[in-house]
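Position 63, counted from 1, in the sequence shown is what my numbering calls 452; the numbers after and before it change by one each time, with no gaps.
The C-beta atom is built at its ideal place from N, Cα and C for all residues, glycine as well.
One structure is given below, encoded as structure tokens.
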Amino acid sequence: MTKDLIRNQWKSNLGTMAYKVTQEGATERAFSHPGFDPDTKYFACICCDQVLFSIEAKYESGSGWPSFFKAISSEVICEKEDLTHGIERTEVTCSKCEGHLGHVFSDGPMPTGLRYCINGVALKAKVSLD
């Protein structure tokens with residue numbers, strides 16, 4: 390299946406904002422995501438369902454976006470330099486489908502000191518790994 394065909398399928402399956410975020414690198418407005426079900430244990434990529442983060446790594450950063458201090462594994466995300474908008478930062482994408490998730494910053498809590506600032510519309514809440 391070609392990348393263009395997959396993206397066209399996502400365009401028809403994802404909402405407008407989720408598509409713009411994951412496929413075009415947009416950012417949802419801060420504090421615009423309604424949040425997740427309290428039973429959520431894991432957060433997966435909205436596009437390909439790869440599990441990315443666990444509830445144990447989620448914290449309230451006050452940034453207006455879901456924040457995590459680590460990914461579930463280093464293999465599930467890719468990081469690359471992002472110099473758009475005149476800001477030096479590190480973009481975070483899903484390693485399986487390359488969907489844009491958000492950015493990682495070095496101002497997070499211990500034990501990692503990292504803040505994965507992730508667009509809520511790029512995530513799917515899961516209650517188990519099944």
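- Burial is judged here by how many other beta carbons sit within 10 angstroms of a residue's own beta carbon; G497 has at least 16 and is buried.
- Beyond the five residues adjoining it in sequence on each side, A407 comes within less than 6 Å, by CB distance, of I435, V510 in the same chain, given in chain order.
- Taking the CA atoms as reference points, I507 sits about 22 Å from S401.
- Here the alpha carbon of C486 sits roughly 15 Å from the alpha carbon of E480.
- Partner residues in a beta bridge of D428, as assigned by DSSP, do not exist.
- With respect to the C-alpha of L512, the residue from H422, Y448, P427, E449 having the closest C-alpha is H422.
- Contact between the segment 454-463 and the segment 437-444 is present, with at least three C-beta pairs closer than 8 Å.
- Residue pairing by DSSP puts A433 in a beta bridge opposite V440, K513.
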